[in-house]
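Residue numbers for the sequence shown follow the numbering used here, beginning at 7 and rising by one. See structure below.
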Amino acid sequence: MSSESSFGLMQIGLATAEDIRGWSYGEVKKPETINYRTLKPEKDGLFCEKIFGPSRDWECYCGKYKRVRFKGIICERCGVEVTRAKVRRERMGHIELAAPVTHIWYFKGVPSRLGYLLDLAPKDLEKVIYFAAT
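What follows is the structure, given as structure tokens:
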């Protein structure tokens with residue numbers, strides 16, 4: 007086995023909102039994915055090239071820069087970095103929500119980790135999570 011692919015420890019934990027914003031390359035503001043006429047990703051959408059990187063290697067969204075010689079340049083018109091399309095698999099965006107949310111695993115797991123942490127019964131916790139508390 008190669009030393010590059012082996013590791014001794016893996017740890018999973020919660021990420022804070024600040025951590026997630028730090029990892030993010032930009033905020034997704036629209037629910038749109040791809041323009042049906044141009045078949046290009048919508049700006050500020052779920053597949054935005056400005057956030058996640060170009061769809062095609064060494065080419066910006068507007069087409070101003072179209073070669074490897076422009077590597078690393080950020081287009082003034084569209085704001086897309088000229089790089090490999092492979093970066094789309096690595097980059098992450100974030101969505102700002104109007105209200106705090108919790109993952110279902112922390113609520114529905116047995117025992118309820120969130121209920122245990124907050125010292126709340128599952129029924130009371132459910133009311134708080136779904137904004138049904140009076």
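Don't be surprised by glycine CBs; every beta carbon is placed ideally from N, CA and C. From a predicted model like this one, the values you see are computed outputs, not experimental measurements.
query                                                                                                           : result
Residues that DSSP places opposite His109 in a beta bridge                                                      : Paired residue(s): none; His109 is not in a bridge.
For Glu87, the residue or residues it bridges with in DSSP                                                      : Ile80
Outcome for Ile101 when other beta-carbon atoms lying within 10 angstroms are tallied against a minimum of 16   : exposed
Inter-residue spacing [alpha-carbon to alpha-carbon] between Ser118 and Tyr112                                  : 6 Å
Bridge partner(s) assigned by DSSP for Pro47                                                                    : Ile40
Coil, strand or helix - Met7 by DSSP                                                                            : At Met7 the pLDDT is 47, less than 50, meaning the model places this residue with poor confidence; the figure from the coordinates comes in the next sentence. Looking at Met7 - three-state DSSP - the assignment turns out to be coil, as it is neither helix nor strand.
Own chain partners of Leu120 with C-beta closer than 7 Å, once the 5 adjacent residues on each side are dropped : Thr108, Tyr112, Phe113 and Leu131
Of the listed residues Arg90, Lys49 and Trp64, nearest to Arg73 (C-alpha basis)                                 : Trp64
Nearest-angstrom Cα separation, counted from Gly19 out to Asp25                                                 : 12 Å
Alpha-carbon to alpha-carbon, Phe76 and Glu48                                                                   : 23 Å
Option in Arg27, Phe58 and Thr44 with minimal Cα separation from Arg94                                          : Phe58
Helix, strand or coil at Glu55 according to DSSP, with G and I counted as helix                                 : helix
Bridge partners - Glu33, DSSP secondary structure assignment                                                    : His100
Proximity winner among Ile110, Cys81, Asn41 and Arg83, relative to Tyr136 (alpha-carbon distances)              : Ile110
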